[in-house]
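Here the structure comes first, spelled out in structure tokens, and everything after it is commentary.
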Amino acid sequence: MELKYLFNSLPYIKPELILAASLVIIVVADLIITKKKELLHYIALAGIIAAGYFVLEQFSMNAFAFSSSGNKGMLTVDSMGAFFKGLVLTASFFVFLFSFSSNEINESRSKLGEYYALLFGMILGMFFMISASDLILVYVSMELVSLSSYVLAGITKQSLRNSEASLKYLIYGAVSSGIMLFGISLIFGITGSTNLYEINYILRSPETNRVILLLAGLLVFTGIGYKISAAPFHFWTPDVYEGAPITITAFLSVASKSAGFVLLIRFIKVAFIQNSLNGYWQLLPAVDWKTILLVLSILTMTLGNFAALWQDNLKRMLAYSSIAHAGYMLAAMAVLSNQGLIAILIYFAIYLFMNLGAFFVVMLISNKIGSEEIDNFDGLGYASPFLGVSFAIFLVSLTGLPPTAGFIGKLYIFIALVDAKMFLLSVIMVLNSVVSLYYYMRVLKHLFLRKAEGAPIELKVSFPNAVVLLMLVIPVLVLGLYFTPLVEFAKNSISVLGF
Amino acid sequence: MENFPILSFITFLPILGMILILFVPKKQEILIKWLTLLVTGVQLVTAGFIWRYYNYALGGINNLNTFQFIERFRWIDISGLTWLGNVKVDYLLGIDGLSAPMVFLTALITFIATLSSWNISKSIKGYFALFLLLDTGMFGVFVSLDFFLFYIFWELMLLPMYFLIGIWGGVRREYAAIKFFIYTLFGSVFMLLVMIGLYFSTTETLANGSKIFTFNIIAMMDPKNFTATGILSPFNPNNLRLVAFIALFVGFAIKIPMFPFHTWLPDAHVEAPTAISVILAGVLLKMGTYGILRISYPVFPEITHQLAWYIALFGMINIIYGALCAMAQKDYKKIIAYSSVSHMGYVLLGMSALNSAGFSGAILQMFNHGTITAMLFLGVGVIYDRAHTRGVDDFGGIANQMPIYTGFTTLAFFAAIGLPGLSGFVSESFVFLGSFSVPSIRVISIVSTLGILLGAGYMLWTFQRIYLGELKEKWNKLPDLSFREYAMLVPLALVIVALGIYPSAMLNLMNSSVNALTDFMNNAQKLYSLVGKY
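Heads up: the sequence lines are chains A and B, in that order.
Residue 153 in the working numbering sits at position 153 of the first sequence; the count goes up by one each step and never skips.
Residue 1188 in the working numbering sits at position 188 of the second sequence; the count goes up by one each step and never skips.
Given below as structure tokens:
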């Protein structure tokens, strides 16, 4: 690759450059600032906002960057990528705000520099994951995300649980990325290329070896499935979510998952789709992704929901619930249509608010009572009605009941499914939402229906936290009744560069 | 008066009240109560206005022009990509002779339920806030004519109901609350799928001549609006209309509750506080049958004709089975709960006849059952407040101690049995008149009359065990009705007697709509045979 191509491509990675710069600034600032470590919070927030500014201009872009061979690049910059970059940044923004008041983070204040540096490394990796159109870059960016998150999962080193989470994450991650790399090498062996666009071009010829391709596709999917915690690659999720600091758990459950989903969308849509007919994507005969996604989606949502029924630890329960939500989004993916893609975008945007909200409330409560066990939450809805009602709204939204935004998310998935005449999947999905009602309501049962034992606990929500909470609650309520802007936005952001 | 959005007013007034209550300090319990009473009182007056300006000649059902108090504006407007179509959802409210009685019933019952909530002592603020949220949901269901809107209101009721039973209920309240929630959600998720299926099968013509998919219930009733390939379109030879009808019907049947989906009802009733039982039996159960008449029947008329016999059969099972279950109970409240199952069976039987007598009977029975059961549950509440037990065998001879109270309950009992001169008699006789005249369900109709006999059996037996006989020593301190209890019971008693003597007050109100519905159902057979598969 010539140097001039490199320089020509730089304008396309402005947000990534900002993130890298912020990372460096934080590391340096951490060395200089010795007393007032809190400043790091603000530096981090500033970095996010600056990156967000440059993401905005990517919504209108449609370009390849870093062309390795021919005119297809290592990176593609398109509106879908911009949408998910915006999502990752929004999630980071909220998680940084959570970090202000998280006991876990504040107790290990000396590590705040590493904490943010690693978070920025992770966000940077996600950004590259989102735009990567070359399997090598996919792998490298995934490793960047993974390595940062292994450390972050165990960063507080306060408890055994913490270190256990980190180690488990590492082992699962190493194995699945190894498997993925093997898949990539097989694909390279068949097609002679690692660029998704070129792979697509080669797969169109009839003489590809389908058995090996199927195997390779599945192996790559293993790596992606691990990131989005789809069954059967989800085993790490509950342990890591339970053990990691809650800010990191919240971040993993939204941002990491969304980056994984973009990868999945790009991988399938760019490499394996022949053309698009009335918004429906016609698969190449090479690999039957529709069936694979269908089966995995059913498996993921059912397993997530049923396992969540038995959880007594709220973080663990939310971990399984996030697996179930990945299943719902996989269902929309299985439609293989623009409509399904819109549904995924809408769902993710809403999922961000409701899931982060739920984690935030759990964090605020466990800051006070030092536990995430559901039995310790008895009667706490009355200790702070504001917190309790907000939690109720998030949980109702996660269940997918109107008039909350979660309903709109589910509605659009159902619209995609019914329009594609995938009735079995839609019936399984509605039954799953009924199951999920039970464990979400179980939390409300403890919060409101039970009486607290012992002395009443004082739960005061500080003003800044109340503002953050409102920033999460209001979208969940408003988008449930007036979702036009979100849908319009998602509809304008589904352009994936390619055919 | 012309342009005042009276239906939005009556629907969203409680939300306003709820917000006000949220700002009232927790200690101001009296203020919160009076505020709620004011809101429901204003609703009652508004309902009176609606009645005053209601045009008896207009039929409604499948013709939007003959609905009244229509409010319509575009709520969701998403411009289209070709393959997605324009998503447009209307905020469309309106009432006809089918929903008007339900609106009046809801206004009356919520007002009385507020009075009956006066002795709630635990977290008053939360209780009345949720109560008002529930209130909005109930009105919304009865006035919305857009399926999407209807669904939102339908689901809106679930959460407040869960908390109202779960927090303020009896010993097994947690179990009862979640059971209610899961049962109802189970039904409504299928409703959601059918709703989306209908959306993709129905188009509405815009002013500029373009066609868009629609959630408009009225548009779904006209076969001309169906697309050629929609999955629930009669033009599509592989349509799934039968499956969709059953799914939708089950969603509504759970709410009625129809056998075999009735098991949540006794639990919910027994655990719920009195006021919530009153609302549950008085209004919520009607939503099931209302939904069937408003949506299932006119949208799937040809399937309705196919399955009418089965609906009648389930009606019969409800009547007999509910009565037998009621007979076996020892808990006063459970008896009344099962009597609801039995009485809602009459509604199903009446509507399965598909003729005007049957429809009149069904709708009238919905209204009458609402008032009668409300009164019965209030009766249970009054005695439970004093004695703190509901075991039928714990009592005896209450009539000696509380004669006025016993007088009111006697009226309710006799109305429930169907004594001539009281409202229950009129609706039940219309139901039998309607169903007997249809040859295919005549036998079912005849067997169902057993229900009256059984009804008299368990009602009188219960009455005898509680109110007659010798007064037990421990009950000789029970005071008779208080002023507040008079205020709850007298209006209901008046309505029951008035509609018994002069049922035309209600029948005239719904007459045009009943005729419109009957005509529509009869013509639909011809209409749908034209479009092919019937």
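Backbone N, C-alpha and C define an ideal beta-carbon position, used for all residues, glycine too.
Note that this is a predicted model, so its numbers are computed, not measured.
- For B/M1351, the uninterrupted alpha helix (DSSP H) segment begins and ends at Y1332 to S1352.
- Excluding five sequence positions before and after A/E164, the CB atoms of its chain that fall closer than 6 Å to its own CB belong to G243, given in chain order.
- Three or more beta-carbon pairs drawn from the segment 1464-1484 of chain B and the segment 1389-1407 of chain B are found closer than 8 Å, and the two stretches are therefore classed as touching.
- Note: B/K1088 is bridge-paired with B/D1077 in the DSSP secondary-structure output.
- Following the DSSP letters along the chain, one finds A/G454 in no beta strand (DSSP E), marked with neither H nor E.
- In this structure, the beta-carbon distance from A/V468 to A/L352 does not fall below 9 Å.
- Just so you know, the alpha carbons of B/L1527 and B/V1382 end up roughly 53 Å apart.
- Rounded to whole angstroms, the separation of the alpha carbons of B/V1103 and B/I1363 is 12 Å.
- Under the three-state reduction of DSSP, B/L1492 is assigned to helix.
- Rounded to whole angstroms, A/G260 and A/L330 show a C-alpha spacing of 11 Å.
- Between A/F386 and A/T247, the gap from beta carbon to beta carbon reaches 9 Å or more.
- With contacts defined by Cβ atoms closer than 9 Å, A/G223 and A/I179 form a contacting pair.
- Here A/W281 carries a strand assignment [DSSP, helix/strand/coil].
- At a cut-off of 9 Å, the C-beta of A/K445 has a neighbouring C-beta in chain B.
- Note that the C-beta distance between B/A1416 and B/M1459 is below 9 Å.
- For B/Q1068, the secondary structure class from DSSP, reduced to helix, strand or coil, is strand.
- Between the segment 1172-1181 of chain B and the segment 1313-1321 of chain B, the count of Cβ pairs shorter than 8 Å is below three; the stretches do not touch.
- In chain A, no part has a C-beta under 7 Å from the C-beta of B/L1206; the shortest such distance is about 17 Å.
- Counting C-beta pairs closer than 8 Å gives three or more between the segment 1095-1113 of chain B and the segment 1044-1055 of chain B, which meets the contact rule.
- For B/V1380, there is no enclosing beta strand (DSSP E); the enclosing alpha helix (DSSP H) has its first and last residue at S1356 to A1387.
- DSSP places B/V1143 outside any beta strand (DSSP E); the residue lies instead in the alpha helix (DSSP H), whose first and last residues are I1124 to V1143.
- Of the candidates A/M74, A/S462 and A/F59, A/M74 places its Cα closest to the Cα of A/F66.
- Taken through DSSP and simplified to helix, strand or coil, A/Q311 comes out as coil.
- Remark: C-beta atoms of A/K14 and A/F54 approach each other more closely than 9 Å.
- Scanning chain A for C-beta atoms nearer than 7 Å to the C-beta of B/D1077 yields T484, reported in chain order.
- Rounded to whole angstroms, the gap between the alpha carbons of A/F407 and B/Y1199 is 17 Å.
- Identification of chain A residues near B/Y1151 by a Cβ-Cβ cut-off of 8 Å yields P402, ordered along the chain.
- Taking C-beta separations shorter than 7 Å and ignoring five residues to either side along the sequence, the partners of A/P238 in its chain run R316, A319 and Y320, following chain order.
- Selection B/Q1306, B/I1246, B/A1326 and B/H1343 evaluated against B/K1286 yields B/H1343 as nearest (Cα-Cα).
- Contact check for B/F1215 against B/M1195 passes: the beta carbons are separated by less than 9 Å.
- Against chain B, a Cβ distance below 8 Å from A/Y438 picks out I1178 and I1182.
- By alpha-carbon distance to B/F1213, the top candidate from B/G1358, B/D1077 and B/L1499 is B/D1077.
- In the displayed model, A/Q274 falls within a strand according to three-state DSSP.
- For A/D288, the three-state secondary structure derived from DSSP is coil.
- Around the beta-carbon of B/L1133, 16 or more other beta-carbon atoms lie within 10 Å, marking it buried.
- Around A/K421, the beta-carbon contacts reaching into chain B at under 7 Å are I1231.
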